[in-house]
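Have a look at the structure below before the remarks.
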Amino acid sequence: MKHEIPFRIIVDGPLDGVAIRVQKGKNDLLEPSSVAGSKVSFEFEITVDVDGDAPNFLGKFAQGPKDSRFVYVNSGTYAGQHPTAWGRRAKLSLMSITKQQVQNAIENGSIIETTMPGVGRDGGPTCASVKGLEWKVVSK
(Lines of atoms letter the chains of each structure in order from A; the text may use other names.)
(Lines give C-alpha, C1' and ligand atoms only; values in the text may rest on other atoms or scores of the structure.)
Protein backbone atom coordinates (compact mmCIF):
# COMPACT_ATOMS: atom_id res chain seq x y z
CA MET A 0 0.00 0.00 0.00
CA LYS A 1 1.24 3.50 -0.87
CA HIS A 2 1.10 6.47 1.49
CA GLU A 3 2.06 10.13 1.22
CA ILE A 4 4.48 10.73 4.09
CA PRO A 5 5.52 14.24 5.18
CA PHE A 6 9.26 14.88 5.38
CA ARG A 7 11.30 17.74 6.82
CA ILE A 8 14.96 18.49 6.13
CA ILE A 9 16.64 21.08 8.35
CA VAL A 10 19.88 22.61 7.09
CA ASP A 11 21.82 23.85 10.11
CA GLY A 12 24.12 26.83 9.57
CA PRO A 13 24.23 27.23 5.79
CA LEU A 14 26.63 29.76 4.26
CA ASP A 15 25.29 33.30 4.21
CA GLY A 16 24.30 34.45 0.74
CA VAL A 17 24.26 30.97 -0.81
CA ALA A 18 20.86 29.70 -2.02
CA ILE A 19 19.68 26.26 -0.87
CA ARG A 20 16.84 24.27 -2.46
CA VAL A 21 15.59 20.68 -2.43
CA GLN A 22 15.54 19.12 -5.89
CA LYS A 23 12.17 17.92 -7.19
CA GLY A 24 12.41 15.62 -10.19
CA LYS A 25 15.16 16.43 -12.69
CA ASN A 26 14.93 20.22 -12.84
CA ASP A 27 12.45 21.65 -10.34
CA LEU A 28 13.48 23.20 -7.03
CA LEU A 29 11.60 23.49 -3.74
CA GLU A 30 11.86 26.78 -1.85
CA PRO A 31 12.47 26.64 1.91
CA SER A 32 9.38 26.20 4.09
CA SER A 33 10.95 28.34 6.79
CA VAL A 34 14.12 30.23 7.66
CA ALA A 35 14.68 30.76 11.38
CA GLY A 36 18.00 32.03 12.66
CA SER A 37 20.70 29.78 11.28
CA LYS A 38 18.32 27.01 10.20
CA VAL A 39 16.64 26.55 6.81
CA SER A 40 13.81 23.99 6.66
CA PHE A 41 12.14 22.22 3.76
CA GLU A 42 8.85 20.32 4.05
CA PHE A 43 7.49 18.04 1.33
CA GLU A 44 5.83 14.66 0.85
CA ILE A 45 7.29 11.44 -0.47
CA THR A 46 5.13 8.54 -1.62
CA VAL A 47 6.16 5.41 0.27
CA ASP A 48 5.13 1.87 -0.68
CA VAL A 49 5.16 -0.29 2.47
CA ASP A 50 4.12 -3.60 0.90
CA GLY A 51 7.63 -5.09 0.81
CA ASP A 52 10.11 -5.92 3.56
CA ALA A 53 11.59 -2.41 3.34
CA PRO A 54 9.90 0.86 2.39
CA ASN A 55 10.10 1.89 -1.28
CA PHE A 56 10.40 5.66 -1.67
CA LEU A 57 8.70 7.02 -4.79
CA GLY A 58 7.84 10.30 -6.45
CA LYS A 59 9.63 13.43 -7.57
CA PHE A 60 11.66 14.04 -4.41
CA ALA A 61 13.02 10.46 -4.20
CA GLN A 62 16.02 10.27 -6.53
CA GLY A 63 18.04 7.25 -7.65
CA PRO A 64 17.35 3.52 -8.06
CA LYS A 65 14.98 1.58 -5.79
CA ASP A 66 17.73 0.09 -3.63
CA SER A 67 19.51 3.40 -2.98
CA ARG A 68 16.98 6.24 -2.94
CA PHE A 69 18.01 9.68 -1.73
CA VAL A 70 17.01 13.36 -1.67
CA TYR A 71 19.19 16.08 -3.21
CA VAL A 72 19.76 19.34 -1.31
CA ASN A 73 21.22 21.76 -3.86
CA SER A 74 23.22 24.92 -3.24
CA GLY A 75 24.49 27.82 -5.34
CA THR A 76 24.08 27.35 -9.10
CA TYR A 77 22.31 23.99 -8.58
CA ALA A 78 19.78 25.91 -6.46
CA GLY A 79 19.17 28.41 -9.28
CA GLN A 80 21.44 31.15 -7.92
CA HIS A 81 23.43 33.19 -10.45
CA PRO A 82 26.08 34.49 -10.18
CA THR A 83 27.77 32.55 -7.39
CA ALA A 84 31.04 30.74 -6.87
CA TRP A 85 29.20 27.70 -5.47
CA GLY A 86 27.46 24.86 -7.27
CA ARG A 87 26.95 21.79 -5.13
CA ARG A 88 24.49 19.00 -4.31
CA ALA A 89 24.24 17.10 -1.06
CA LYS A 90 22.86 13.57 -1.26
CA LEU A 91 20.72 12.49 1.72
CA SER A 92 20.11 8.75 1.69
CA LEU A 93 16.62 7.53 2.57
CA MET A 94 17.76 3.93 2.99
CA SER A 95 18.24 4.08 6.77
CA ILE A 96 14.53 4.87 7.26
CA THR A 97 12.84 1.72 8.54
CA LYS A 98 9.44 0.31 7.74
CA GLN A 99 8.56 0.80 11.43
CA GLN A 100 9.39 4.51 11.22
CA VAL A 101 7.15 4.86 8.17
CA GLN A 102 4.34 2.97 9.94
CA ASN A 103 4.73 5.23 13.00
CA ALA A 104 4.49 8.33 10.81
CA ILE A 105 1.34 6.96 9.15
CA GLU A 106 -0.37 5.92 12.40
CA ASN A 107 0.48 9.08 14.35
CA GLY A 108 0.22 11.66 11.57
CA SER A 109 3.87 12.49 12.22
CA ILE A 110 6.68 13.77 10.02
CA ILE A 111 10.01 12.11 9.19
CA GLU A 112 12.82 14.58 9.82
CA THR A 113 16.57 14.94 9.64
CA THR A 114 19.09 17.72 10.22
CA MET A 115 22.17 18.17 8.04
CA PRO A 116 25.09 20.56 8.40
CA GLY A 117 25.02 23.51 6.03
CA VAL A 118 28.80 23.73 5.71
CA GLY A 119 31.20 20.95 4.76
CA ARG A 120 34.73 20.25 5.98
CA ASP A 121 36.20 22.47 3.26
CA GLY A 122 34.18 25.51 4.41
CA GLY A 123 31.83 25.41 1.43
CA PRO A 124 28.23 24.19 1.24
CA THR A 125 27.80 20.55 2.26
CA CYS A 126 28.04 18.28 -0.77
CA ALA A 127 28.25 14.65 -1.89
CA SER A 128 26.80 11.84 0.25
CA VAL A 129 26.06 13.16 3.73
CA LYS A 130 27.23 10.64 6.32
CA GLY A 131 25.77 10.11 9.78
CA LEU A 132 22.24 11.34 9.05
CA GLU A 133 19.64 10.33 11.59
CA TRP A 134 16.07 10.23 10.30
CA LYS A 135 13.53 10.38 13.11
CA VAL A 136 9.75 10.48 13.44
CA VAL A 137 8.56 13.69 15.13
CA SER A 138 5.25 15.42 15.80
CA LYS A 139 4.16 17.97 13.20
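Residue 64 in numbering that gives the first Met the number 0 is what sits at position 65 of the sequence shown, and the numbering runs on without skipping anything. C-beta atoms are modelled at their ideal positions from N, C-alpha and C, and glycine is treated no differently.
Cα-Cα separation between residue i and residue j, rounded to whole angstroms
i, j, result
"Val17", "Thr83", "8 Å"
"Gln107", "Ser138", "The question names Gln, but residue 107 in the sequence shown is Asn. Those two C-alpha atoms are separated by around 8 Å."
"Gly51", "Arg68", "15 Å"
"Lys1", "Val47", "5 Å"
"Gly119", "Thr125", "4 Å"
"Pro13", "Ser37", "7 Å"
"Asn26", "Asn103", "32 Å"
Proximity winner among the options, relative to residue i (alpha-carbon distances)
i, options, result
"Gly86", "Ile96, Val72, Arg7, Ser92", "Val72"
"Val179", "Gly75, Glu3, Gly131", "Since the first residue shown for the chain is 0 and the last is 139, residue 179 is missing from the structure and cannot be characterised."
"Tyr77", "Lys1, Val136, Ala127", "Ala127"
"Ile8", "Thr113, Lys135, Val136, Lys25", "Thr113"
"Phe41", "Ile111, Gly75, Gly79", "Ile111"
"Asp66", "Gly122, Asp121, Gly123, Leu93", "Leu93"
"Lys135", "Gly123, Asp121, Ser109, Gly117", "Ser109"
"Val34", "Asp121, Ile105, Gly117, Arg88", "Gly117"
Pair within 8 Å by beta-carbon distance, residue i and residue j
i, j, result
"Val39", "Lys90", "no"
"Leu132", "Ser95", "yes"
"Pro31", "Ile19", "yes"
"Pro54", "Val21", "no"
"Met115", "Asp15", "no"
"Gln80", "Val70", "no"
"Phe60", "Lys98", "no"
"Phe43", "Leu29", "yes"
Per DSSP, the bridge partner or partners of residue i
i, result
"Leu29", "Val21"
"Met115", "Val10"
"Arg87", "Ser74"
"Val136", "Ile111"
"Pro124", "Val118"
"Ala104", "In DSSP, Ala104 forms no bridge with anything."
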